[in-house]
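As given, the protein sequences belong to chains G and A, one line each in that order. Mapping of the first sequence onto the UniProt record's numbering: position 75 corresponds to residue 75, and the numbering continues sequentially without gaps. Mapping of the second sequence onto the UniProt record's numbering: position 92 corresponds to residue 92, and the numbering continues sequentially without gaps. Virtual Cβ for every residue (Gly too), placed ideally from N, Cα, C. Following: one structure in structure tokens, then a few remarks.
There are 2 protein chains.
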Amino acid sequence: MLSKKTKYGLKALIYLARQYDKGPILIADLAQEENIPKKFLEAILLALKNNGILQSKKGKGGGYYLARSPKLITFGQAIRIMEGPLAPVPCVSETSYAKCTECGSEETCGIRIVMKDVREAMAKILDGTTLADVLEEIDKAEETQKGVLNFCI
Amino acid sequence: MLSKKTKYGLKALIYLARQYDKGPILIADLAQEENIPKKFLEAILLALKNNGILQSKKGKGGGYYLARSPKLITFGQAIRIMEGPLAPVPCVSETSYAKCTECGSEETCGIRIVMKDVREAMAKILDGTTLADVLEEIDKAEETQKGVLNFCI
DNA sequence: ATTTAGCCTATGGTTTTAGTAGACTGATTG
DNA sequence: CAATCAGTCTACTAAAACCATAGGCTAAAT
């Protein structure tokens, strides 16, 4: 399960993606708009900044904004920053491999064999989905919803 | 990341699958063989028993054994018992759905749209992989390893 | 110089994880 | 029947992770 931190972070990124090229957004506004504790959000955005996803401007007219186009930021990148590696076990992680403590031979570990597939399936989706993709999917879903609504009326 | 509890549990299940129809296995033996703290393993096996994956016999000649054929026990079943739902967010869980706290409209939530795909991909693998499958894959991997070894000699 | 708004450090509460201890119960066997 | 064996139950603890909150510091704009 994703932590609240990660969910907050993803919500913030989607919000910022929608406001892309509209200049810096205040933490306070973002927090209020998305119902996220302001101080907690500060820490999250800072982490995303320190990892190159966001940029910030201090002082009046300041705020946070995406470091690059929504087309170039993926869910995978963001989740790894906030939640850690995607891999269910460290020994199948591409981005931060580590030997499993007392897991005899790596090649013949049943857990590893299965989890390798799981990691790959997750990575394929999360590294293949950009913020721009998500905005598009949200818009599509909203259109569908509107259709349902009209149908009901 | 899988918890140690889950890894221990999976290891135990694979071990018991290999010993299937060889009668009950002692917790103590399993713990020693797989390097798992005995008391911790006790609790794990009990949970797996209470959820219908394992059965046990008390007294002399007792121990634990699979409740049914390794072909009928999947990784998905076991992981859900020890780790909880596969879904990254509760609102896409098939086995224990729950509304996400303050996630406005479910249909148009960007996080949900993506995580629905992730859950499906994971479930497809984990619910499609039985203990019997894993044993087979391990054997295959061991054959390959032996080949590598012979080649080196 | 003052205000604005992000940055940094510290702290606290709650929950989960990992593990331990010890008494209890049910089954077997001599 | 009693001794022994082996799983079951209750309780507890230490450490880590998670979810925040408080308050002062620093950089930028006017």
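Item, Value
"Three or more C-beta pairs below 8 Å linking the region 22-39 of chain A and the region 125-145 of chain G", "no"
"Residue closest to E120 (chain G), alpha-carbon to alpha-carbon, out of G:K5, G:E136 and G:P88", "G:P88"
"Beta strand (DSSP E) runs contained entirely in the region 13-94 of chain G, provided each spans 3 or more residues", "54-57 and 63-66"
"Minimum C-alpha distance to A67 (chain A) - residue among A:L135, A:Y20, A:E107 and A:S105", "A:Y20"
"Contact set for S93 (chain G): own chain, Cβ-Cβ below 6 Å, skip 5 residues either direction", "P85 and A87"
"Counted within 10 angstroms of its Cβ, other Cβ atoms place P70 (chain G) as buried (16 or more) or exposed", "buried"
"Inter-residue Cα distance where the pair is A123 (chain A) and A98 (chain A)", "18 Å"
"Cβ shell of A31 (chain A) (< 6 Å), same chain only, five flanking positions each side left out", "K38 and L41"
"Contact with chain G by I111 (chain A), beta-carbon distance below 8 Å", "yes"
"Interfacial residues, the region 124-136 of chain A to chain G, with Cβ spacing under 8 Å", "K124, I125, L126, T129, V134 and L135"
"L72 (chain G), buried or exposed, once every other Cβ within 10 Å from all chains shown has been counted against 16", "exposed"
"Integer-rounded CB distance, given that E34 (chain A) should sit under 8 Å from A12 (chain A)", "7 Å"
"CB contact flag (I125 (chain G), T6 (chain G), <8 Å)", "no"
"Boundaries (first-last residue) of the alpha helix (DSSP H) holding G104 (chain A)", "Run containing G104 (chain A): none; DSSP gives neither H nor E here."
"Per DSSP, cross-strand counterpart(s) of T130 (chain A)", "A:T74"
"Same chain, Cβ closer than 7 Å to L45 (chain G), five either side skipped, listed in chain order", "A12, I27, L54 and Y64"
"Contact set between T74 (chain G) and chain A, taken where Cβ atoms lie within less than 7 Å", "The contacting residues do not exist; T74 (chain G) stays about 10 Å from chain A at best."
"T129 (chain A) burial status per 10 Å Cβ neighbour count (16 or more: buried)", "buried"
"Residue burial classification, T95 (chain G) (beta-carbon count within 10 angstroms, cutoff 16)", "exposed"
"Per-residue burial, G76 (chain G) [other beta carbons within 10 Å of its own, 16 or more giving buried]", "buried"
"Own chain residues within Cβ distance below 6 Å of K49 (chain A), not counting five before or after", "S56"
"DSSP-derived helix/strand/coil call for Y8 (chain A)", "helix"
"Classification of G9 (chain A) by the beta-carbon crowding that lies within 10 angstroms, buried from 16 upward", "buried"
"The region 86-97 of chain G: positions lying closer than 8 Å to chain A by Cβ", "A87, P88, V89 and P90"
"Proximity below 8 Å, CB of A47 (chain G) to CB of I81 (chain G)", "yes"
"8 Å Cβ cutoff, K71 (chain G) in contact with chain A", "no"
"Inter-residue CB distance, G104 (chain A) and E137 (chain G) (contact presumed, cutoff 8 Å)", "That belief does not hold up - the Cβ atoms of G104 (chain A) and E137 (chain G) are roughly 15 Å apart, past 8 Å."
"Three-state secondary structure assigned by DSSP to L2 (chain A)", "coil"
"R112 (chain A) to T101 (chain G) span [Cα, whole Å]", "34 Å"
"Test: G84 (chain A) CB closer than 8 Å to a CB of chain G", "yes"
"Interface partners of Q145 (chain A) on chain G, CB under 8 Å", "S105, E107 and T108"
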